[in-house]
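S.K.: Structure below; questions to follow.
In the numbering used here, the protein residues as written are 8 to 238.
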């Protein structure tokens, strides 16, 4: 991300304990901003529900007549709160500015988020993957520089759709945690603690979807990454 905004990544090997090597990283500590930075390139998920109800998402008016999963005319920035309990809540840019306490900084966050999304979406599209939406988190480093932190463009923080077979007007198959969401929705769980244990077949299928996203986007098997960091 360095050509757009610095990130907190330090190393995948140095300082990483052996028992988490290959699935752990060392990163620089940041003072995190109290908003999640969602960029949407397609109308789906909670954005689709908001659009159906009001014709807007995060206070942004969208064209009438959009279909579920349709590509938006341009990516939109739809920040949300970081809820300690329950679900995050989508808020307007003005509310996000108030939460952060610095309108100029929040403008930099918005611009960096959209640029990161656009760069990633172009990269993924060339490899047959559509990035429907994604979430970034930002903080300030020890020198006060805006820095992207947390996870970036993973199946946990993004919706990845296969480009083949894409058609608006319906939900899309995906390489992300939507599979687990769908299982939970059909399990009868009332969304109260404790959550039900995931069946082994759901765990295995989810792992295969995540590995598939990695391999499509990077052009190499996940085992190649593990071999590099284990060397």
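Idealized CB from N, CA, C, for every residue including glycine.
1. Can the beta-carbon of residue 45 be found closer than 9 Å to that of residue 84?
2. With a CB to CB cut of under 8 Å and the five nearest residues on each side skipped, what residues in its chain are close to residue 80?
3. Just to confirm the assignment, what range does the alpha helix (DSSP H) spanning residue 230 have?
4. Compare the beta carbon distance of residue 96 and residue 103 with 9 Å and say whether it is the shorter of the two.
5. Which word fits residue 74, buried or exposed, when buried means at least 16 other C-beta atoms lie within 10 angstroms of its C-beta?
6. For residue 37, which option in 156, 217, 18, 229 has the closest C-alpha, if you only look at C-alpha atoms?
7. In the DSSP output, which residue or residues are listed as bridge partners for residue 2?
8. Helix, strand or coil for residue 18, going by three-state DSSP, please let me know.
9. Quick one: Cα of residue 122 to Cα of residue 159, how far?
10. Which whole-angstrom value is the C-beta distance of residue 50 and residue 77, which I expect to be below 8 Å?
11. If distances are taken between C-alpha atoms only, which option among 176, 212, 169, 172 comes closest to residue 189?
12. Just to confirm, are residue 166 and residue 191 a CB contact at a threshold of 9 Å?
13. Kindly provide the ranges of any beta strand (DSSP E) runs that are 3 or more residues long and lie completely inside the stretch 31-101, ordered along the chain.
14. Where does residue 116 fall in DSSP's three states?
15. Please return the same chain residues whose Cβ sits closer than 7 Å to the Cβ of residue 237, not counting the five positions on each side in sequence.
16. Over what stretch of residues does the beta strand (DSSP E) that includes residue 155 continue unbroken?
17. Return the Cβ separation of residue 11 and residue 119 in integer angstroms, given the expectation that the two are a contact with Cβ distance under 8 Å.
M.R.: Put simply:
1. In this structure, residue 45 sits near residue 84, with a CB-CB distance shorter than 9 Å.
2. Excluding residues up to 5 positions away in sequence, 70 lie with their Cβ nearer than 8 Å to the Cβ of residue 80 in the same chain.
3. Note, residue 230: alpha helix (DSSP H), 229-237.
4. Their beta carbons are not under 9 Å apart, which means residue 96 does not touch residue 103 by this criterion.
5. Per the 10 Å Cβ criterion, exposed.
6. Out of 156, 217, 18, 229, 156 has the C-alpha closest to the C-alpha of residue 37.
7. Residue 2 is absent from the structure shown; the chain starts at 8 and stops at 238.
8. DSSP places residue 18 in strand when its eight states are reduced to three.
9. Cα to Cα, residue 122 sits roughly 13 Å from residue 159.
10. The C-beta distance from residue 50 to residue 77 rounds to 5 Å, short enough to fall under 8 Å.
11. That would be 212, whose Cα lies nearest to the Cα of residue 189.
12. Pairing residue 166 with residue 191 gives a Cβ-Cβ distance that is not under 9 Å.
13. Along the length of the stretch 31-101, whole beta strand (DSSP E) runs at least 3 residues long occupy 42-49, 78-84, reported in chain order.
14. Per DSSP, reduced to three states, the secondary structure at residue 116 is helical.
15. Excluding its 5 nearest sequence neighbours in each direction, residue 237 has C-beta neighbours in its own chain below 7 Å: 28, 29, listed in chain order.
16. Taken as a continuous stretch (DSSP letters only), the beta strand (DSSP E) holding residue 155 covers 153-156.
17. Correct: roughly 6 Å between the Cβ atoms.
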